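Data first, discussion second: the structure below is written as structure tokens.
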Amino acid sequence: MSAMATPALFSPFTMRGVTLKNRIVVSPMCQYLAVEGQPGDWHMAHHARFALGGVGAAILEATAISRDGRITHGCTGLWEDAQIAPMARITALYKAHGVVPGVQIGHAGGKAATQRPWEGAGPLPEDGPEPAWEIIGPSAVKIRSNFRTPRPVTLAEIAEIVAAFGQAARRAVAAGFDIIELHGAHGYLLHSFMSPLTNQRTDAYGGSLANRMRLALECAAEVRRAVPGHVVVAYRASVVDNLDGGIALSDSVALAAELKQLGVDLIDCSAGGIALPVSLLPQKVEHGFQAPLAEAVRHGAGLATMAVGLITDPVKANAIIASGQADLVALGRELLADPSWPYHAAVALGLDKPESVLPMQYAFYLERRAAVQGR
Ligand SMILES: Cc1cc2nc3c(=O)[nH]c(=O)nc-3n(C[C@H](O)[C@H](O)[C@H](O)COP(=O)(O)O)c2cc1C
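Take 1 as the starting number for the sequence shown in my numbering and just add one per residue.
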């Protein structure tokens, strides 16, 4: 890299009518503090940290397409129009700082009606202060041994779920989101249909790979239909289950190729979530451990991918983009710890005027400080 070249991590990236100023994306992160699906002051403060920190885009937390599709009572939703206005405050905040706002929409399936992680993440107790509700899935198979058994959905309910994805996407666009990501990962409804470990159906939605991916494809097609042409549609997949008999990489490459045909623009490549919490993988994980999945999908299916998972080091993050493993990197916990990570990455990678990734109110003084320090 010459001294003048812009590091790959800080090069812009365009999908449809949407341009990200750099490749750094806030990974979706549930905050469990919504009331009846509506975000509030916490969410404004939380997202302001990232909006001011210099990221290129931010994907809001798993947001339910129906009230029963929430993971917890504190999850955000886009199942009714009243949820549009509080979401629009967040998109306006991001847009004011040149950050592309996205939202992840989904249905929690067999992981619905659970406690917040720090309350145990298990099923809501029958006698607790927050009522549990009936959970649904492809088959009567628990996502984890300590979870409740979902009731298999009927074909009529599947049609309602597909329609609800489209309605949620329509509301997301009304709220100002430019990226709509379907949540197809981590053991939630779409993933549980895709995985042979949890899908034992014998109808058109189970059995063969084509049948297991049918719900994901129908929902993606409905979302694409519901949003204008300039809006990006993304899909977060658990690319592999990391379990014997589970989703294999080739299955997800096939899914991505089909999604591409339907006008999906980006695959956000995560993994796992069935049987084990994603955070409790049996093996020790390294920086960017899931980036090879993004690389395989990018080259196998020929569409843009986002790598996620323990991406913390700017030089290695830059290498993920520069080497063509992925088009974007999503950071979760690292941005919780350091929302100004893009600025620190810009310094580490030798970006010309690294302060410029921050708002002028910060950049002006940091540039002066750098000057007196002789940089
Ligand atoms: C607080 C928290 C909430 C999360 N919520 C979501 C979510 O809503 N949707 C999702 O797909 N992943 C969720 N994740 C997973 C992250 O998006 C990300 O994939 C994971 O944390 C790995 O990236 P990291 O090592 O950069 O944190 C969450 C993670 C954290 C830490």
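Where a beta carbon is used, it is the ideal one built from N, C-alpha and C, also for glycine.
Given the structure is predicted, the values throughout are model-derived calculations rather than measurements.
Let me check understanding here. Comparing Cα to Cα, which of I247, S192, G176 and G245 lies closest to V231? Relative to V231, the option among I247, S192, G176 and G245 whose CA is nearest is G176.
Report the rounded CA-to-CA distance for L276 versus G54, giving the unit in angstroms. L276 and G54: Cα-Cα distance of roughly 34 Å.
Spatial distance of S192 from G110 (CA atoms): Going from the Cα of S192 to the Cα of G110 covers about 8 Å.
Identity of the residue in P314, A254 and A237 nearest P7 by Cα: In this structure, P314 is the residue among P314, A254 and A237 with its C-alpha nearest to the C-alpha of P7.
Return yes when at least one heavy atom of ligand 1 lies under 7 Å from the C-beta of I311, else no. I311 Cβ: within cutoff of ligand 1.
Whole-angstrom distance between C269 and S356, CA atom to CA atom: Going from the Cα of S356 to the Cα of C269 covers about 30 Å.
When the Cα atoms are used, what is the spatial distance from S195 to R212? The alpha-carbon atoms of S195 and R212 are separated by roughly 7 Å.
Buried or exposed for S2, please, with buried defined as at least 16 other CB atoms from any protein chain shown within 10 angstroms of its CB. Because the pLDDT of S2 is 46, which lies under 50, any placement of that residue in the model is unreliable, and the question is left without a value.
Which residue's Cα is closest to the Cα of A226: A185, H43 and V173? Closest by alpha carbon: V173.
Assign T149 to one of two classes, buried (16 or more other C-beta atoms within 10 Å of its C-beta) or exposed (fewer than that). Burial call: exposed.
Whole angstroms is fine: what's the gap from E218's alpha carbon to W133's? Approximately 26 Å, taken between the alpha carbons.
Only counting runs of 3 or more residues, tell me where the beta strand (DSSP E) segments fall wholly within the segment 208 to 278, in order along the chain. As far as the segment 208 to 278 is concerned, its whole beta strand (DSSP E) runs of at least 3 residues are 232 to 238 and 266 to 270.
Taking a contact to mean a Cβ-Cβ separation below 8 Å, would you say T377 touches P101 in this structure? With the chain covering 1 to 375 only, the question about residue 377 has no answer from this structure.
Leaving aside the five residues before and after L243 along the sequence, list all residues of the same chain whose C-beta is less than 7 Å from its C-beta, in chain order. So the qualifying residues of the chain are L197, I274 and A275.
Residue range of the alpha helix (DSSP H) that includes E44: The sequence as given places Met at residue 44; Glu does not occur at that position. Start and end: D41 to A51.
Within the present structure, is the beta-carbon of L331 separated from the nearest heavy atom of ligand 1 by less than 7 Å? True, at least one ligand heavy atom lies under 7 Å from that Cβ.
Any heavy atom of ligand 3 closer than 7 Å to the beta-carbon of P314? Ligands in the displayed structure: ligand 1; ligand 3 is not one of them.
Answer yes or no: the CB of R116 versus the heavy atoms of ligand 1, is any distance below 7 Å? The beta carbon of R116 sits no closer than 7 Å to any heavy atom of ligand 1.
Go ahead and label T14 buried or exposed: buried means 16 or more other beta carbons lie within 10 angstroms of its beta carbon, across all protein chains shown. Label assigned to T14: exposed.
Closest by CA to Q38, which one among G17, A58 and M87? Per the Cα distances, M87.
For N22, count neighbouring C-beta atoms within 10 Å of its own C-beta (all shown protein chains included) and say buried if the count is 16 or more, exposed if not. Counting the other Cβ atoms within 10 Å of the Cβ of N22 gives 16 or more, which makes it buried.
For I136, the residue or residues it bridges with in DSSP: R151, per the DSSP bridge assignment.
Assign L20 to buried or exposed, taking buried as 16 or more other Cβ atoms, counted over all protein chains shown, within 10 Å of its Cβ. Buried, because 16 or more other Cβ atoms sit within 10 Å of the Cβ of L20.
Assumed close pair Y235, G300 - CB separation to whole angstroms, cut-off 8 Å: That belief does not hold up - the Cβ atoms of Y235 and G300 are roughly 15 Å apart, past 8 Å.
Three-way DSSP call (helix, strand, coil) for P123 in this model: Note: P123 maps to strand in three-state DSSP.
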